[in-house]
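Written out below as structure tokens is the structure these notes cover.
There are 4 protein chains.
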Amino acid sequence: MPVISAQKMQDRRDSILAAAREAFAKGGFEGTSIADIARAARVSDGLVYRYFANKRDLLNAVLTEFYERTMDDLDVIAGRDASFEQRLHDIIHRHIEAFVRDADACRLFISEVRTAADYQGSPVQQLNRRYTSILVRIIESGIASGEVRPDIEMRLVRDVIFGAIEHRTWAAVNGRPLDIDATAKGLVELLRYGLMARPKRSGR
Amino acid sequence: MPVISAQKMQDRRDSILAAAREAFAKGGFEGTSIADIARAARVSDGLVYRYFANKRDLLNAVLTEFYERTMDDLDVIAGRDASFEQRLHDIIHRHIEAFVRDADACRLFISEVRTAADYQGSPVQQLNRRYTSILVRIIESGIASGEVRPDIEMRLVRDVIFGAIEHRTWAAVNGRPLDIDATAKGLVELLRYGLMARPKRSGR
Amino acid sequence: MPVISAQKMQDRRDSILAAAREAFAKGGFEGTSIADIARAARVSDGLVYRYFANKRDLLNAVLTEFYERTMDDLDVIAGRDASFEQRLHDIIHRHIEAFVRDADACRLFISEVRTAADYQGSPVQQLNRRYTSILVRIIESGIASGEVRPDIEMRLVRDVIFGAIEHRTWAAVNGRPLDIDATAKGLVELLRYGLMARPKRSGR
Amino acid sequence: MPVISAQKMQDRRDSILAAAREAFAKGGFEGTSIADIARAARVSDGLVYRYFANKRDLLNAVLTEFYERTMDDLDVIAGRDASFEQRLHDIIHRHIEAFVRDADACRLFISEVRTAADYQGSPVQQLNRRYTSILVRIIESGIASGEVRPDIEMRLVRDVIFGAIEHRTWAAVNGRPLDIDATAKGLVELLRYGLMARPKRSGR
DNA sequence: AATGAATGAGCCTTCATTCAT
DNA sequence: AATGAATGAAGGCTCATTCAT
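Protein chains in written order, with my numbering: chain A, 2 to 205; chain B, 2 to 205; chain C, 2 to 205; chain D, 2 to 205.
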């Protein structure tokens, strides 16, 4: 005989999580107090600790939720039966969308988590790795199908794409909106030649 | 009537700045106390406030110093009389070098400043803009010389390059060292075709 | 209309009391939370407050229960038809036993209650007084029978005996076990001459 | 060039220490907040931490100061050239005095420290051991001079004396004053026969 | 009757900043 | 000019107690 319904508990948790996401995004991890979050969630300070072990745990929950929410779509795209270039475009498009939609969580991840001393080997890094590995999978299948140069350096490509999107979106976050379609296309356009398999190359 | 010489004052300032750079880099902005910095600089807490208005100002000074130190070389490179591709390579190479050498300051910038609510329009953003504009200048001259597609989207290229380097270097910071030469070459290789001016393009 | 039987209520109360005794003994009063006790008693936090007014009240109940449990035996001993020395020995022996058996409650009493600002005049003090008065009664009967000096200072004797046992047992609590028989005998041996009625005393 | 004189710093430290002693004695360790102490010492909360590492450290300082203040006299007494009984009386007398004078510290020691889980092996226990060892030394010299039974159990005697004094004084703390002279004499009187070396003993 | 979610006061501790020395 | 003692405002977190369910 639970005192409140499971639904209500979930709602509470969600509202705290949402408040935390926004507050963290606005003020950073250190710059946000539990009191801030509690106030935004219209909840007492103490209650936050009934749902999350501590402030750090709350941050991790925010990021985990973000990754899980985003990852499903990406898996679908990667598995589609389409040309390499098409899938590359789609995944970039989807990734930008995610960044734009969840600009808060992205900013949070970039500024607070990846920086943390204990990021290496953390569960959040696992999620990030799984996230980026989807792109790697697409490139690998492009190599297999002969569409992509086999000597391409995978990690460089990964960093180019994610780094570019991060920078792009970042600027957009603080100002005029980003044209997702144009950006996705432009990025593919910029990279396709460099990725393409080609007969020979006259050294530079 | 300065009781200590201007030189001595400058030295004081420098040693505080250096201590701050290292301390911030190691512990982040919030994780570093003025007392930490003062101790490292072998100076009293109070004296820090004679040279810097407050903690935030000290952080800005650290980053300004970093930018200024790095910028000079870049200007030289951009002004060189060499092919577009050569200069693109050189500037990327130089930028990676800066990131690797001053990984601390870079990390600081990424995690603490760009995030700040007041980053937009801040002097630090001015510096960052000036920094990236050097790359833009090179591309523009490439367009002028016919080496680069005139319809290239400048900001996208900028974000691709800086974003990629940031990601690349970041990973390197926490692990195995980065091969600067290989990374610079790989990046140029990946982008050159996308940048190159070419007669026509068969739509995708 | 009691929805649960009186027996069941008593059981509930007892299990909470037992859980409290153990928890308090292990962690002290301040170091133990109601939640700890409730968990150990397999009961909800709120229910504790149906049986005890508050945390302090629960502590008092723990100590009251301890005193009542121990006191009966002592009354029996004090009433026995035996020599003064025999009864003195027996009551000391029994007291040490109680301390050893209920080391937890003793420690609790010593460290948490006697200290309390409101100890003077509290019900717990009444119990303690009744407890020690049993010893006083034995000594008085010793005086009456001529076995004990009539000018003995009662309270001093009381404090010597209880203080000694407390110290002895305390050390034993944190280390090697206490030899109850030897300690009881040793204590009687040490005190009997001082207590004994004797013809005269050559001033010191 | 210290900002304030060493004397003034010492005074500050002393006033915080004194405030802590009183506050702890009145309310116990857990029952006293740093804010309470700071207020009593007419000092800011933060300053307490400039003089003491943390709350526990402050408690230890209170007790250490008490022991050191008391110990010197005892050493002198133990070393005097007097009869065993005289020295026993003197040390008991002195010990009671200390308890009466520093009732606060004593109560504190009894209720908060000896109880602590980490008491065994702590510096405070060392002090306590040194304290009680003075009595042991006196007894040993009594044995050596033939004044005390050689088969006496040292630790029992120690616990009898200290336990008795503790109990005695405790009662006095919360009520009518204690007659130190009478108590010391009474205690010696009570124990002297049990301690005395004697030719033979008619078994009980 | 029983639960445990919710509250909110309170605690220890840190630290940017000020200012008497 | 330089020091570092002093301040006091937070902040993360715990927990006794209440009360809707």
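Every residue gets a Cβ at the ideal spot worked out from N, C-alpha and C, and that includes glycine.
Going by Cα to Cα distance, which pick from the options is closest to residue i?
i        : options                                : result
Asp15/A  : Glu98/A, Phe30/A, Ala42/A              : Ala42/A
Pro124/D : Ile162/D, Thr184/D, Asp58/D, Ala104/D  : Asp58/D
Thr170/C : Glu23/D, Thr170/D, Arg156/D, Asn55/D   : Arg156/D
Ser34/B  : Arg13/B, Leu60/B, Met10/B              : Leu60/B
Asp91/D  : Ala39/D, Ile135/D, Phe53/D             : Ile135/D
Glu98/A  : Arg13/A, Asn129/A, Glu167/A, Ile5/A    : Glu167/A
Val101/D : Gly187/D, Asp182/D, Ser142/D           : Asp182/D
Arg189/B : Ala172/B, Pro178/B, Arg177/B, Ile140/B : The sequence shown places Val at residue 189/B, rather than the Arg named in the question. The shortest C-alpha separation from Val189/B is found at Ile140/B.
Leu48/D  : Asp160/D, Met10/D, Glu113/D            : Met10/D
Leu75/C  : Ile38/C, Thr133/C, Gly143/C, Ala26/C   : Thr133/C
Leu179/D : Gly28/D, Asp119/D, His96/D             : His96/D
Gly122/A : Gln126/B, Ala172/B, Gln127/B           : Ala172/B
Tyr120/D : Asp82/D, Asp73/D, Val158/D, Leu64/D    : Leu64/D
Phe110/B : Phe25/B, Arg131/B, Phe85/B             : Phe25/B
Val161/C : Leu191/D, Ile153/D, Lys186/D           : Leu191/D
Phe85/C  : Thr184/C, Arg22/C, Arg130/C, Ser142/C  : Ser142/C
Arg159/A : Asp73/A, Arg131/A, Val77/A, Val114/A   : Arg131/A
Asp103/D : Met72/D, Ala185/D, Thr184/D, Arg40/D   : Met72/D
Phe67/A  : Ile93/A, Glu31/A, Glu113/A, Asp105/A   : Asp105/A
By the DSSP assignment, the alpha helix (DSSP H) with residue i in it spans what residues?
i        : result
Gly143/A : 124 to 145
Asp74/D  : 56 to 80
Asp103/A : Run containing Asp103/A: none; DSSP gives neither H nor E here.
For residue i, which of helix, strand or coil comes out of DSSP?
i        : result
Val4/D   : coil
Val1/C   : One cannot answer for residue 1/C here, as it falls past the ends of chain C, which runs 2 to 205.
Gly204/C : Low confidence applies here, because Gly204/C scores a pLDDT of 44, under 50, leaving its location unreliable; read the following figure in that light. Gly204/C falls in the coil class under three-state DSSP.
Phe30/C  : coil
Gly187/D : helix
Ile181/B : helix
Asp91/A  : helix
Ala83/C  : coil
Gln121/D : coil
Glu154/B : coil
Phe163/C : helix
Phe53/A  : coil
Arg22/C  : helix
Gln115/A : Residue 115/A is actually Arg in this sequence, not Gln. Correct three-state label for Arg115/A: coil.
Ser16/D  : helix
Report the partner residues of residue i according to the DSSP bridge assignment.
i        : result
Val149/B : Met197/B
Practice problem: Determine, using beta-carbon pairs with one atom in the region 148 to 165 of chain C and one in the region 187 to 199 of chain C, whether at least three such pairs fall under 8 angstroms. | Solution: With the rule of 3 Cβ pairs closer than 8 angstroms, the region 148 to 165 of chain C counts as touching the region 187 to 199 of chain C.
Practice problem: State whether the region 8 to 24 of chain B contacts the region 43 to 55 of chain B, with contact taken as three or more CB pairs (one from each stretch) at a distance under 8 angstroms. | Solution: The region 8 to 24 of chain B vs the region 43 to 55 of chain B: in contact.
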